[in-house]
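Residue 1 is where the first sequence starts when you use the numbering used here, and the numbers rise one by one after that.
Note that CB positions come from ideal geometry on N, CA and C, so glycine has one too.
Since the structure comes first, as structure tokens, the remarks are kept for the end.
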Amino acid sequence: MECLRDGINLNWLDRGTSEIFPDSRDSENADENLLQRLKETDRPLRVKLGIDPTAPDIHLGHSIAFRKLRSFQDGGHTAVLIIGDFTAQIGDPTGKSEVRSQLTPDKVKQNAEDYLEQLRPILDFHTPGRLEIRYNSEWLAGLDLSKILTLLSTMTVGQMLAKEGFALRYQQENPIYLHEFLYPLMQGYDSVAVSADVELGGTDQKFNIAVGRDLQRYFGQRPQFGLLVPILLGTDGVQKMSKSLGNYVGLKEDALTMYSKLEKTPDSILDNYFELLTDLNPEELPENPRERQKKLALEVVSQYRGKEAALKAQETAINLVITSGGDTEAVPEYSLAEVKFPAKLFYILNVSGLCKSSGEGKRQIKGGAVRLAGEKVSDADLSFESATELYGKVVRLGKKKFVRLVE
RNA sequence: GGGUCGAUGCCCGAGUGGUUAAUGGGGGCGGACUGUAAAUCCGCUGGCUACGCCUACGUUGGUUCAAAUCCAACUCGGCCCA
């Protein structure tokens, strides 16, 4: 992924790419063949990627598009990050999406900063000209009604209803609000506002990106290319990765947590994860599925937390299983300072975050899931008189959740 | 605006006056097995430091000894008509 003009090496373009459109691979026409366009261009292309500042943390699922964006950066192009502070108020109707809470400008700003912070390991923030950050309220907030009507008049209801999400909801007789129709148009207008040459997005963004092309054409611009990346499946291997489903790996999680989640990646999606989340050559991966899981976990954690932390997480993870808490160094700590004694164990399970509630804590003990300093606890009402007797001990829930109790 | 149907626990979905946090499925969590996987089997699946006390079937009132179940108004949705 070297140079701009004689960029012979464009292999990165296809890795983990789900679809590029328009897609005429044999064409010499740079308007319908992105590869051709990349070879011909005499200036950095403007590669747009929109982010939604409603969710403060991002996970590996989001990382795919950003990784692709990084590839463009490394190829000498300009990443144009659009922070959808304005569109966030409407909510992308892609997916189920319901009423969105209105975010205050401050909140949006803070989310955006958090977001950018998490992207540091992925994107090139330093090389001049490689990154441009824009807020779409800049051009959307000031649109007047006549302009909005112009936007609206470029599409028909039939076209809107062709969008997968809408079609489904319409068919299932679920409500579709009129303002939701505006979302694709606003996102499309973003492309006009920043003169995008390429827009990246998940496959679920195809419609919106296509609208961008239409609008650019309408406003006399050269239409952008759409480059779609797959939606990453969650660690359950079935549903898409999402925080609300709990099958995610967050970009700002600690090394051990990330490692623990990744090392149990289901076999069925392991190859997929390697392709989308790493740059490793499939040929060079270990044969043994268990070793592959470890390799994946190590590799991905290294990207975000550094190699050293990743290796340490791996070591800790292995030790934890073997010794049930022998090497406790990397285990998250929980301070008992706030706990009032005498205290029940199920209460500690709750406040330390191991369980969602005291009730769950009690149930887990009954179910034989809880160990204290390696010993299985069977008394659901086990209580402790003082904190000192617990200092340094590791509480374990199930196989992979640990907390070390400290002063 | 009119008519009509609907709103149940994370999700779907039973229940239509009376033990009981409320059948069942999914999902989730835990146990066995294993490769800390998949498949399979089993258990758990409102909250509270808890022999008891709270809060729950769209909202608010009402009828009743008793209501998720009956009544009224309201809110929100679907469909049909305009």
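- What span of residues does the beta strand (DSSP E) with residue 148 cover, start to end? Numbered from 1 along the first sequence, position 148 holds the residue referred to as residue 148. For residue 148, no beta strand (DSSP E) encloses it; the enclosing alpha helix (DSSP H) starts and ends at 145-152.
- Do the CB positions of residue 372 and residue 393 come within less than 8 angstroms of each other? Here residue 372 corresponds to residue number 372 of the first sequence, with the count starting at 1. Here residue 393 corresponds to residue number 393 of the first sequence, with the count starting at 1. Going by C-beta atoms, residue 372 is nearer than 8 angstroms to residue 393.
- Query: In terms of DSSP beta bridges, what is residue 225 paired with?
  - Reply: Counting from 1 along the first sequence, the entry for residue 225 is found at position 225. In the DSSP output, where bridge partners are listed per residue, residue 225 has 198.
- Query: Excluding the five sequence neighbours on either side, which residues of its own chain have a C-beta within less than 6 angstroms of the C-beta of residue 354, listed in chain order?
  - Reply: For the purposes of this step, residue 354 is identified with residue 354 of the first sequence, where counting begins at 1. Contacts found: 397, 401 and 403.
- Message: Quick test of the definition: if touching needs 3 or more C-beta pairs under 8 angstroms, does the segment 41-54 touch the segment 186-197?
- Response: yes
- Message: Output needed for residue 127: all residues of its chain with C-beta closer than 8 angstroms, excluding positions within five of it in sequence on either side, in chain order.
- Response: Taking the first residue of the first sequence as position 1, residue 127 is located at position 127. Here the set comprises 73.
- Query: What separation, rounded to the nearest whole angstrom, lies between the Cα atoms of residue 411 and residue 202?
  - Reply: Absent from the model: residue 411. The displayed extent of the chain is 1 to 407, so no value can be given.
- Item | Opposing strand residues paired with residue 335 [DSSP bridges] | Indexing the first sequence from 1 puts residue 335 at position 335. In the DSSP output, where bridge partners are listed per residue, residue 335 has 406.
- Message: Let me confirm a value: residue 317 is counted as buried when at least 16 other C-beta atoms fall within 10 Å, else exposed. Which label applies?
- Response: One-based indexing of the first sequence puts residue 317 at position 317. Residue 317 is buried by the Cβ-count criterion.
- Task: Under 6 angstroms Cβ to Cβ from residue 226, same chain only, skipping five residues before and after it: list those, please.
- Result: Taking the first sequence and counting its residues from 1, one reaches residue 226 at position 226. 21, 199 and 209.
- Message: Considering just the uninterrupted stretch of the alpha helix (DSSP H) at residue 142, what are its terminal residues?
- Response: Here residue 142 corresponds to residue number 142 of the first sequence, with the count starting at 1. Unbroken run through residue 142: none, as it is neither H nor E.
- Task: State the DSSP-derived secondary structure class of residue 249, mapped to helix, strand or coil.
- Result: Residue 249 sits at position 249 when you count from the first residue of the first sequence. In the structure shown, residue 249 sits in coil (DSSP, three-state: anything other than H, G, I, E or B).
- Any chance the segment 53-68 sits against the segment 104-124, with 3 or more Cβ pairs inside 8 angstroms? yes
- Message: Going by the DSSP bridge assignment, what does residue 78 pair with across the sheet?
- Response: Here the question's residue 78 lines up with position 78 in the first sequence. Bridge partners of residue 78: 46.
- Message: The alpha helix (DSSP H) that contains residue 275, what's its start and end?
- Response: Residue 275 sits at position 275 when you count from the first residue of the first sequence. For residue 275, the enclosing alpha helix (DSSP H) begins and ends at 267-277.
- Task: Determine, using beta-carbon pairs with one atom in the segment 70-84 and one in the segment 121-139, whether at least three such pairs fall under 8 angstroms.
- Result: yes
- Backbone secondary structure at residue 27 - three-state DSSP: Residue numbering aside, residue 27 sits at position 27 when the first sequence is read from its first letter. Coil, per DSSP.
- Among 207, 364, 256 and 278, which one has its Cα closest to the Cα of residue 319? Here the question's residue 319 lines up with position 319 in the first sequence. Checking every option, the nearest Cα to that of residue 319 belongs to 256.
- Message: Quick check on this structure: which residue in 146, 335, 11 and 154 has the alpha carbon closest to the alpha carbon of residue 390?
- Response: In the first sequence, the residue the question calls residue 390 occupies position 390. Among 146, 335, 11 and 154, the Cα nearest to that of residue 390 is on 335.
- How long is the line joining the alpha carbons of residue 98 and residue 230, rounded to whole angstroms? For the purposes of this step, residue 98 is identified with residue 98 of the first sequence, where counting begins at 1. For the purposes of this step, residue 230 is identified with residue 230 of the first sequence, where counting begins at 1. For residue 98, the predicted model reports a pLDDT of 44, less than 50, meaning its position is unreliable and no value from the coordinates is stated.
- Taking the alpha carbon of residue 426 as the point to measure from, which residue in 375, 387 and 365 has its own alpha carbon closest? Beyond the ends of the chain as shown, which are 1 and 407, falls residue 426; an answer cannot be given.
- Take every Cβ of the segment 23-42, pair it with every Cβ of the segment 230-247, and state whether three or more of those distances are shorter than 8 angstroms. no
- Message: Once DSSP output is grouped into helix, strand and coil, what is the label at residue 343?
- Response: The residue labelled residue 343 in the question sits at position 343 within the first sequence. Strand at residue 343.
- C-alpha gap between residue 284 and residue 272, whole angstroms: The residue labelled residue 284 in the question sits at position 284 within the first sequence. The residue labelled residue 272 in the question sits at position 272 within the first sequence. Roughly 15 angstroms between the two C-alpha positions.
- Could you tell me whether the Cβ atoms of residue 228 and residue 28 are closer together than 8 angstroms? Taking the first residue of the first sequence as 1, we reach residue 228 at position 228. Taking the first residue of the first sequence as 1, we reach residue 28 at position 28. Not a contact, by the Cβ cut-off of 8 angstroms.
- Message: What would DSSP say about residue 325, mapped onto helix, strand or coil?
- Response: On the first sequence, position 325 is the one that residue 325 refers to. Unreliable positioning characterises residue 325 in this predicted model, as indicated by a pLDDT of 45, which lies under 50. A coordinate reading is not provided.
- Query: What first and last residue would you give for the beta strand (DSSP E) that runs through residue 19?
  - Reply: Position 19 of the first sequence, counted from the start, is the residue given in the question as residue 19. Element bounds for residue 19: 19-21.
- Kindly identify the DSSP beta-bridge partner or partners of residue 383. The sequence position of residue 383 within the first sequence is 383, counting from 1. 344.
- Task: Starting from the C-beta of residue 237, find all residues in its chain whose C-beta is less than 7 angstroms away, skip the five residues before and the five after it, and write them out in chain order.
- Result: Counting from 1 along the first sequence, the entry for residue 237 is found at position 237. Result list for residue 237: 266, 268 and 269, in chain order.
- Query: Taking the alpha-carbon positions, what's the residue 143 to residue 356 distance?
  - Reply: Position 143 of the first sequence, counting from 1, holds the residue named residue 143. Position 356 of the first sequence, counting from 1, holds the residue named residue 356. Approximately 46 angstroms, taken between the alpha carbons.
- Task: Measure the C-alpha to C-alpha separation of residue 405 and residue 367 and round it to an integer number of angstroms.
- Result: Position 405 of the first sequence, counted from the start, is the residue given in the question as residue 405. Position 367 of the first sequence, counted from the start, is the residue given in the question as residue 367. When rounded, the distance between both Cα atoms is 22 angstroms.
- Item | Classification of residue 69 by the beta-carbon crowding that lies within 10 angstroms, buried from 16 upward | If you number the first sequence from 1, residue 69 lands on position 69. That one is buried.
- Among 117, 282 and 352, which has the Cα closest to the Cα of residue 59? In the first sequence, residue 59 corresponds to position 59, counting from 1. When each option's Cα is compared against that of residue 59, the closest is 117.
- Could you check where the alpha helix (DSSP H) with residue 218 kicks off and where it finishes? As a working note, residue 218 is residue 218 in the first sequence. Residue 218 -> alpha helix (DSSP H) spans 206-218.
- Cα-Cα separation, residue 275 to residue 282: Translated into positions along the first sequence, residue 275 becomes position 275. Translated into positions along the first sequence, residue 282 becomes position 282. Looking at the two C-alpha atoms, the distance is approximately 8 angstroms.
- Query: Leaving out five residues before and five after residue 224 in sequence, what residues of the same chain have Cβ atoms less than 8 angstroms from its Cβ?
  - Reply: For this step, residue 224 is matched to residue 224 along the first sequence. Close CB contacts of residue 224 within its chain, under the 8 angstroms cut and outside five residues either way in sequence, are with 48, 191, 196, 197, 198, 199, 209, 212, 213 and 216 (chain order).
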